[in-house]
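Contents: one structure, followed by commentary.
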Amino acid sequence: MRQVDILRLDLEKGTAEKMVDYVAEEVPLQIIVNRAYSFVIWCSPMQFKELSVGYLLAEEILHDVDEIEGMFADEAKRLCEITLKPTVNLDERMKNSRRSTRIIPLIKSPTSAYQHDEKIAMVKSNLTIKAQVILDAIHQMNEKAKGFKETGGLHDSGIFNADGTMVAFSEDVGRHNTVDKVIGEASLKRIDFSECIMIITGRVPGDMIYKAAKVGLPIVASVAAVLNSGVSSAQKANITLVGFVRGKRMNIYTYPQRIQT
-14 MRQVDILRLD
-4 LEKGTAEKMV
6 DYVAEEVPLQ
16 IIVNRAYSFV
26 IWCSPMQFKE
36 LSVGYLLAEE
46 ILHDVDEIEG
56 MFADEAKRLC
66 EITLKPTVNL
76 DERMKNSRRS
86 TRIIPLIKSP
96 TSAYQHDEKI
106 AMVKSNLTIK
116 AQVILDAIHQ
126 MNEKAKGFKE
136 TGGLHDSGIF
146 NADGTMVAFS
156 EDVGRHNTVD
166 KVIGEASLKR
176 IDFSECIMII
186 TGRVPGDMIY
196 KAAKVGLPIV
206 ASVAAVLNSG
216 VSSAQKANIT
226 LVGFVRGKRM
236 NIYTYPQRIQ
246 T
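With the first letter of the sequence shown counted as 1, position 53 gets the number 38 in this note's numbering; the numbers rise by one all the way through.
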C-alpha cells in the first residue's frame, strides 16, 4: 500500500482537513515460462510465485506443480520466471489453453463463454461441512485482512480444510488474482482440494468457478453476489455455490446437500 496526502471534505460539518491516507498499490507482474512465453498480470505486489502458479493452473498451461523444474521471483523487478520439466510440451499446451480457445461473447449476447464451456472439469468429492464452518472461515479472513482494513481497496480469498483450518490466504486488488493466489499457495503445499472449501469476498462469475473446478474444489462461498454464469458453471462442475454469506444467513445455489445446518 502507498501513503498519500489528501484533502478530506466533510460537507455535513463544513470542514476541509489535510490528512494522510493509504491506497492499495497495483503493479504489472510479468510471468515468463521456459523463457519462451510471457504474460502480464496487474496485481498487488505480493505472493508473486503463488499468483503465477495459480494462474498457469487455471489457464491449463500447468497441469500439476510437480511439472515445475524451477521457479524464481523478483519483487523489485516484478517478475516471476518458471521453468517446466522437459517432459512438458509447452507449445502444445499454449495452443490448447483457455487463453487460446476462450470466446468472449458480445455485450448483447445472452450466453456466456463459461456456461457452455465443455472443458470445465467435473469435481468429484464427498465432502460435507457444517454451515458454521463457512461463517467461522469468513471471520478468520476478516481478522487477517489488514490490507482491506487500511485501504478499503483489496479483495480477499481463503482456502480452508473441512474443520475450518485456514491453509491459504491472499489479498489483492483483483478478485480473480486472489483466487489464483490461494490456489497457487495450496497447490505448492500439496493440499488435497477435494477436502477443502474456498471463500472469496467478490462477486462469483463463471470463470472463478472454472478455476475452482480445475483443481477440484467442491465448495465455493462468497460474502457477495453470484452471477448467472457462476451458477451455470457450478451446476455443470458439481460445485456447491454459496453467496450472500452475511450474519447467520447464506444462499445456497447449487448442490445444497454438502452444507449441513
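Glycine residues also receive a C-beta, built at the ideal position from the N, C-alpha and C atoms. Small disclaimer: the values here were computed from a predicted structure and weren't measured.
Among the options, which has the Cα closest to the Cα of residue i?
{"i": "R160", "options": "G143, E54, T150", "result": "G143"}
{"i": "D49", "options": "I185, L173, G228", "result": "L173"}
{"i": "I182", "options": "M235, L112, E156", "result": "L112"}
{"i": "I237", "options": "A206, K221, L212", "result": "A206"}
{"i": "E128", "options": "D148, T239, E156", "result": "E156"}
{"i": "M31", "options": "K62, D51, K199", "result": "K62"}
{"i": "A198", "options": "V211, S82, Q220, F229", "result": "Q220"}
{"i": "V164", "options": "A116, V73, N74, S37", "result": "S37"}
{"i": "L120", "options": "E11, A21, E10, I184", "result": "I184"}
Using the beta-carbon count (16 or more within 10 Å), is residue i buried or exposed?
{"i": "S217", "result": "buried"}
{"i": "K196", "result": "buried"}
{"i": "P190", "result": "buried"}
{"i": "I194", "result": "buried"}
{"i": "Q245", "result": "exposed"}
{"i": "I46", "result": "buried"}
{"i": "N162", "result": "buried"}
{"i": "S214", "result": "buried"}
{"i": "M107", "result": "exposed"}
{"i": "R175", "result": "exposed"}
{"i": "M186", "result": "Just to set this straight, residue 186 is Thr in the shown sequence, not Met. It counts as buried."}
{"i": "L(-4)", "result": "exposed"}
{"i": "G201", "result": "buried"}
{"i": "D192", "result": "buried"}
Looking at residue i: is its Cβ nearer than 8 Å to the Cβ of residue j?
{"i": "G(-1)", "j": "G169", "result": "no"}
{"i": "G138", "j": "V8", "result": "yes"}
{"i": "V208", "j": "R231", "result": "yes"}
{"i": "K166", "j": "E35", "result": "yes"}
{"i": "I26", "j": "L42", "result": "no"}
{"i": "L69", "j": "V18", "result": "yes"}
{"i": "K154", "j": "A122", "result": "Checking the sequence shown, residue 154 turns out to be Phe, not Lys. For F154 and A122, no; Cβs fall outside 8 Å."}
{"i": "I114", "j": "R243", "result": "yes"}
{"i": "D148", "j": "M126", "result": "no"}
{"i": "E10", "j": "M(-14)", "result": "yes"}
{"i": "L75", "j": "A21", "result": "yes"}
{"i": "V158", "j": "S29", "result": "yes"}
{"i": "M56", "j": "I67", "result": "yes"}
I'd like the list of long-range same chain contacts for residue i, defined as Cβ closer than 6 Å, with 5 residues on each side in sequence excluded.
{"i": "E2", "result": "R(-7)"}
{"i": "S110", "result": "S179, P203"}
{"i": "V227", "result": "A206, M235, I237"}
{"i": "T86", "result": "A caution first: T86 carries a pLDDT of 42, below 50, which makes its placement in the model too unreliable to give a value."}
{"i": "A171", "result": "I144, V152, A153"}
{"i": "A116", "result": "I244, T246"}
Looking only at its chain, what residues have a beta carbon closer than 8 Å to the beta carbon of residue i, apart from the 5 residues adjacent to it on each side?
{"i": "V5", "result": "Q(-12), V(-11), D(-10), I(-9)"}
{"i": "S23", "result": "Q15, I16, I17"}
{"i": "L212", "result": "R188, V189, P190, G191"}
{"i": "T239", "result": "V216, A219, Q220, I224, T225, L226"}
{"i": "T136", "result": "M(-14), Y7, V8, A9"}
{"i": "H124", "result": "none"}
{"i": "P241", "result": "T225"}
Excluding the five sequence neighbours on either side, which residues of its own chain have a C-beta within less than 7 Å of the C-beta of residue i, listed in chain order?
{"i": "F33", "result": "L14, A58, E60, C65"}
{"i": "A222", "result": "I105, A106, M107, V108, I194, A198"}
**Q.** Continuous alpha helix (DSSP H) assignments of at least 4 residues falling wholly in the region 101 to 158
**A.** DSSP runs (the alpha helix (DSSP H)) wholly in the region 101 to 158: 116 to 129, 131 to 136.
(Q) Threshold first: 4 residues or longer. Then list the alpha helix (DSSP H) segments lying entirely within the region 25 to 61, N to C. (A) Taking only runs of at least 4 residues, the alpha helix (DSSP H) segments lying wholly in the region 25 to 61 are 33 to 43.
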